[in-house]
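These notes concern the structure reproduced below.
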Amino acid sequence: MTAPTSVTIVLPDADDAALHPVRWAATELQAALARRNVQAQIASAAQSGTIITVSGAGLPGSPDMAVDLPETPESFVLTRRGDRISAWGSDIRGLVFALTELADRVQFASGVDLFEGTYPLVERPSARVRSMSRMFCSEQEDKVWFYDRQQWRDYLSMLATNRFNRFSLALGFGYNYPYHNPWITDVYFYFPYPYLLDLPGHDVKVVELPEGERERNLDMLKFIGREAARRGLEFQLALWTQRYDFDDVPRANYTVRGVTKDNLAPYCRDAITTLLKEVPEITGLTFRVHVEGGIAEGEYGFWEDAFAGVAAAGRPVEIDMHGKGLDHKMIGIARDSGMPIAASPKYLAEHMGPPYHQSAIREKEYPPEVARSEREQLSEGSRKFLRYSYGDLLTADKDYKVIYRIWPGTQRVLLWGDPEFAAGYGRSSMFAGSDGVEWCEPLGFKGRMGTGIPGGRFNYQKQGYATRYDWQKYDYQYRVWGRLLYNPDAPRESWMRYLQQVCGDAAEECEKGMSWASRVLPLVTLAHGPSASNNHYWPEVYTNLALVEGSGRRAYGFDMEGPVRFGNAPTFDPTLFANAREYAELLLAGEPSHRFTPLDVADWLDEMANGCESEVLKANSTSSFGRIAVQRMLVDIRICAGLARFFAERFRAACWAELFVATKVTPLMDRVIDHARRSLMAWEKIADISRDLYADDLTYGPQSWLRGSWHSRLPEMQAEVADLESLRGGGCYESVEASPKAAAAIAALEARFPVLSQPSGVTGAPTFKPGADFEVRFDGKAEGEPTLHYRHINQAERWKSLPMKDKSGGFAATVPGTYTQSRYHLQYFVSFRQNGRSCLSPGLQPNLSNEPYFTSLQN
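Each residue of the sequence shown is one higher than the one before, starting from -4 at the first, in the working numbering.
What follows is the structure in structure tokens.
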């Protein structure tokens, strides 16, 4: 195939404003061709040279594509016959994706065929909502990008090209708690309305705001809305804070005057209506409807006013309610507004884990007998189970969207990009009738709570490593995430053409190394959850939690039940993962574990570290090794490899430490110290790798555990190992010999066998009728009776179990009709013993990207 000399993009002459995004995408393709020195024109009829014919979405003319055209919204098809390319979309957005796919091929083409790629390409979306949230948290760091118009053009174009369909701008995200908070300093946009509007009839203003800045802010919001709509993106405005203690913030850099208890609701209502009229491109509003948004839980009257303000704009605007503290009365108030409604729970607390939804919440998240306070009667009371996951929102008859929000807690600095995990999220974001996912960008909380540093947005201190715009470091992450949320089966070329241009002959190694590296911290988060809060737990730049006694209480003490030590930290899926204390108790009781143990996690982490290190070693011999883009990836891969080694050894050390705590058998301390030293060596290596590259103070909050860097954490880790060695060597522990029970537990730990996953052998109907018995069969070999574990898809409830009895050459158990008679779908899995080992079906597969349970939906 020779390079084209001229290209005509045939776009039917239809004078329809709805087609503006298609015209934008056509101009993107035209510009990409121009950069490759190819003359391109947009015309209503075919000319000479290569012809790209655009059809679909109500455009005149019928396509001739010789493939079945998908009916799903946002789908597209590309076909090719010689120098004739046909681009078809099921709707406007599908056409945008078709044309930007061609533009992307042109931009990253490595040969003379600028349109090289899969044909026919038929793509349809998995997740219906694929949203990216950009958060304004720091005046010092965020005003720069907020006012940069070219940054917005490039950023929104990147989102549309990578198949996102929604952009969310979040205001009022700066702090966790708005009442009597002496920490509040940077309040820019924290109560967003007066920074954007001067409302007639309301004498509300920001005293220190410079002349003309309010108008400038609103003008920028209008610009962002127009540019999002131009690309076919939904524009979601997240208004996270509706008030704070305006008169009790002595350190605040701006003063809001004119808001009283009596006029707050009318002011917010009128501000919402005015914003929607001033920025007609806003398609939805996100509200934090629990106490952290400034309105005490149970004050439904405020929200009746606020939602009435949405309706008064006179057009459909989606009301999206953040899940924490949300109850069905609030959903009813939103429903009564006549607007489309959505609930947006967190995916896995304030962190990121493997793609599946945790099968159970932490014990601490179940509702207490008495709420912590009247202001938090829901989020810390009867609705506490909804703080960190989907709770009871997934009823079979729901009439609202459920959109998961992935919080920026786990990985805030390092690059992420695993196609298999991203594809898993594309599938699981539609779990049990859900609608999609919103991902908070990697730098989402940078400079939060008044810790912004001028010029500190990029995190690098080494010259030459920063990109032009902060988000460009994560280009690959956005590409993999967006395209595989859209289509989990997207062709590999979709991301490899980018890597091949950016990383040269190191592309394969960067792809594989990033895949291994990107699984490390999500797995660590799932298996080690000392705090659900991103304001206390940051596994990427980890604050040490002691194995026996000592460090970590300040960071984690408020969010752990019982002793504050590493092995007692709960997992984020207590039904499928045991922590070290629970595993030690099973060993001492002589019982097998049907849950994955810390040693299983350690083995996975070692495999990830090996994969990272192997790909980095291979990349060292490539000619592209010295490219800055390659170095950015390889350094982050090496750091993730070190984190995998560190946590693998911590998990192993914790198992021995918990046995020691339970038995006081003195020689066990030798094993604890051995693994602790190995973990320290891994962290020392991370500190050496990162010290000269990353800033000494990575600021994500004011507390010590939310700032600093890897090398700043090193002294506390060195101190713990020294303390363990002095305790052992100083005779602080009385010499205790192992009892027969302890000796058996030690032997079992030394000779332990991993929990195995077996995806096949279990069958149950994909749908069921409420009130009917539901049978599950296991057709495999088992020692004794397998166990069926089942539950409604409702995290307010706990799992139940039944023994599976012999039946027709296999095993079976029946969930009774009295249980299936509910508003919820079912999920289930089977545990059993085989060849002396514990097994789970389906369990987690080697890439950890599947759902480790089966689901059956109501019909």
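Just so you know, even glycine gets a beta-carbon here, dropped at the ideal spot from N, CA and C.
**Request:** Specify whether the region 233 to 252 and the region 281 to 299 touch according to this definition: at least 3 beta carbon pairs, one from each stretch, less than 8 Å apart.
**Result:** yes
**Prompt:** With a CB to CB cut of under 7 Å and the five nearest residues on each side skipped, what residues in its chain are close to residue 374?
**Reply:** Walking along the sequence shown from the start, residue 374 turns up at place 379. Answer for residue 374: 285, 286, 292, 319, 320, 382, listed in chain order.
**Item:** Reduced DSSP category for residue 823 - H, G, I as helix; E, B as strand; rest coil
**Value:** Locating residue 823 in the sequence shown gives position 828, counting from the first residue. It is a strand residue.
**Message:** Given a cut-off of 7 Å on the beta-carbon distance, is the pair residue 677 and residue 640 in contact?
**Reply:** Within the sequence shown, residue 677 is the residue found at index 682, counting from 1. Within the sequence shown, residue 640 is the residue found at index 645, counting from 1. Yes. Within cutoff.
**Own chain residues within Cβ distance below 6 Å of residue 750, not counting five before or after** = For the purposes of this step, residue 750 is taken as residue 755 along the sequence shown, with counting starting at 1. Within the same chain, residue 750 has close Cβ partners 591, 595, 833.
**Request:** Please go through the same chain and pick out, in chain order, the residues whose beta-carbon is closer than 6 Å to the beta-carbon of residue 123, but skip the five residues on each side of it.
**Result:** One-based indexing of the sequence shown puts residue 123 at position 128. The residues are 430, 431.
**Request:** Would you mind reading off the limits of the beta strand (DSSP E) that contains residue 74?
**Result:** Translated into the one-based positions of the sequence shown, residue 74 becomes position 79. Its beta strand (DSSP E) spans residues 71 to 76.
**Message:** According to DSSP, simplified to helix, strand and coil, what is residue 285?
**Reply:** Residue 285 sits at position 290 when you count from the first residue of the sequence shown. The answer is coil: DSSP assigns residue 285 none of H, G, I, E or B.
**Prompt:** Looking at the unbroken alpha helix (DSSP H) that takes in residue 298, where does it start and where does it end?
**Reply:** Start at 1 with the first residue of the sequence shown, and residue 298 comes out as number 303. Run containing residue 298: 295 to 306, per the alpha helix (DSSP H) assignment.
**Item:** residue 344 (DSSP reduced to helix, strand or coil)
**Value:** For this step, residue 344 is matched to residue 349 along the sequence shown. Looking at residue 344 - three-state DSSP - the assignment turns out to be coil, as it is neither helix nor strand.
**Request:** Please confirm if the region 183 to 198 is in contact with the region 246 to 255, defined as three or more CB-CB distances below 8 Å between the two stretches.
**Result:** yes
**Message:** Assess contact between the region 760 to 779 and the region 812 to 826, defined as three or more Cβ pairs (one per stretch) separated by less than 8 Å. Is contact present?
**Reply:** yes
**Prompt:** Using the rule of at least 16 other Cβ atoms within 10 Å of the residue's Cβ for burial, across every protein chain shown, is residue 789 buried or exposed?
**Reply:** For the purposes of this step, residue 789 is identified with residue 794 of the sequence shown, where counting begins at 1. Buried is the call here.
**Message:** Can you give me the C-alpha to C-alpha distance between residue 355 and residue 386, rounded to a whole angstrom?
**Reply:** The sequence position of residue 355 within the sequence shown is 360, counting from 1. The sequence position of residue 386 within the sequence shown is 391, counting from 1. Cα-Cα distance, rounded: 10 Å.
**Request:** May I have the straight-line CA-CA distance separating residue 569 from residue 360, to the nearest angstrom?
**Result:** Looking up residue 569 in the sequence shown gives position 574. Looking up residue 360 in the sequence shown gives position 365. Taking the straight line joining both Cα atoms gives about 12 Å.
**Item:** Residue(s) in a DSSP beta bridge with residue 337
**Value:** To locate residue 337, count along the sequence shown from 1; it is residue 342. Paired residues: 315, 396.
**Request:** Provide the residue(s) that pair with residue 36 in DSSP beta bridges, ordered along the chain.
**Result:** Here residue 36 refers to the residue found at position 41 when the sequence shown is read from its first residue. In DSSP, residue 36 forms a bridge with 3.
**Message:** Considering Cα atoms alone, identify which of 271, 224, 212 is closest to residue 161.
**Reply:** Counted from its first residue, the sequence shown places residue 161 at position 166. Ranking 271, 224, 212 by Cα distance to residue 161 puts 224 first.
**Request:** Figure out for me which residue from 475, 528, 408 has the closest Cα to the Cα of residue 551.
**Result:** In the sequence shown, residue 551 corresponds to position 556, counting from 1. Out of 475, 528, 408, 528 has the C-alpha closest to the C-alpha of residue 551.
**Prompt:** Taking Cβ to Cβ, would you say residue 509 is nearer than 7 Å to residue 412?
**Reply:** Counted from its first residue, the sequence shown places residue 509 at position 514. Counted from its first residue, the sequence shown places residue 412 at position 417. Yes, these two residues count as a Cβ contact at 7 Å.
**Message:** Check whether the region 403 to 420 and the region 659 to 671 are in contact - that is, three or more C-beta pairs closer than 8 Å.
**Reply:** no
**Item:** As assigned by DSSP and simplified to three states, the class of residue 132
**Value:** Translated into the one-based positions of the sequence shown, residue 132 becomes position 137. Residue 132: coil per DSSP, three-state reduction.
**Request:** Could you check what DSSP says for residue 616 in three-state terms: helix, strand or coil?
**Result:** In the sequence shown, residue 616 corresponds to position 621, counting from 1. Looking at residue 616 - three-state DSSP - the assignment turns out to be coil, as it is neither helix nor strand.
**Prompt:** When you compare each of 230, 89, 338, 183 to residue 390 by their alpha carbons, which one comes out closest?
**Reply:** Taking the sequence shown and counting its residues from 1, one reaches residue 390 at position 395. Of the listed residues, the one whose Cα sits closest to residue 390 is 338.
**Status (buried if at least 16 other CB within 10 Å, exposed otherwise) for residue 612** = The residue labelled residue 612 in the question sits at position 617 within the sequence shown. Residue 612 should be labelled exposed.
**Message:** Quick check on the burial criterion: 16 or more other C-beta atoms within 10 angstroms. Buried or exposed for residue 42?
**Reply:** What you label residue 42 is simply residue 47 of the sequence shown in a count that begins at 1. By the 10 Å Cβ count, residue 42 comes out exposed.
**Message:** Considering only their Cβ atoms, is the gap separating residue 107 from residue 3 smaller than 7 Å?
**Reply:** Translated into the one-based positions of the sequence shown, residue 3 becomes position 8. Translated into the one-based positions of the sequence shown, residue 107 becomes position 112. Not in contact: residue 3 and residue 107 (Cβ atoms no closer than 7 Å).
**Item:** For residue 807, the residue or residues it bridges with in DSSP
**Value:** Numbered from its first residue, the sequence shown carries residue 807 at position 812. Note: residue 807 sits in a beta bridge opposite 772, 800.
**Asked** Going by alpha carbons, who is nearest to residue 40 out of 50, 32, 457, 33?
**Response** Reading the sequence shown from its first residue, position 45 is the one you call residue 40. Minimum Cα distance to residue 40 is reached at 50.
**Prompt:** From this set, 340, 299, 217, which residue's C-alpha is nearest residue 334's C-alpha?
**Reply:** Numbered from its first residue, the sequence shown carries residue 334 at position 339. Checked all of 340, 299, 217; the closest Cα to residue 334 is 299.
**Request:** Please classify residue 581: does DSSP put it in a helix, a strand, or coil?
**Result:** The sequence position of residue 581 within the sequence shown is 586, counting from 1. Helix, per DSSP.
**Request:** Can you give me the Cβ contacts of residue 222 inside the same chain, cut-off strictly under 8 Å, excluding the 5 residues immediately before and after it?
**Result:** Here the question's residue 222 lines up with position 227 in the sequence shown. Within the same chain, residue 222 has close Cβ partners 147, 148, 151.
**Asked** Is residue 591 helix, strand or coil when you go by DSSP?
**Response** In the sequence shown, counting from the first residue as 1, residue 591 sits at position 596. Looking at residue 591 - three-state DSSP - the assignment turns out to be strand.
**Prompt:** Does the region 456 to 467 come close enough to the region 483 to 498 that 3 or more CB-CB pairs lie under 8 Å?
**Reply:** no
**Request:** Indicate whether residue 230 and residue 267 have their beta-carbon atoms separated by less than 7 Å.
**Result:** Your numbering for residue 230 matches position 235 in the sequence shown. Your numbering for residue 267 matches position 272 in the sequence shown. No; because the gap between Cβ atoms is not below 7 Å, this pair is not in contact.
**Message:** Just to confirm my understanding: we take residue 792, look at its own chain, exclude 5 residues before and 5 after, and list those with CB closer than 7 Å. What are they?
**Reply:** Translated into the one-based positions of the sequence shown, residue 792 becomes position 797. Result list for residue 792: 786, in chain order.
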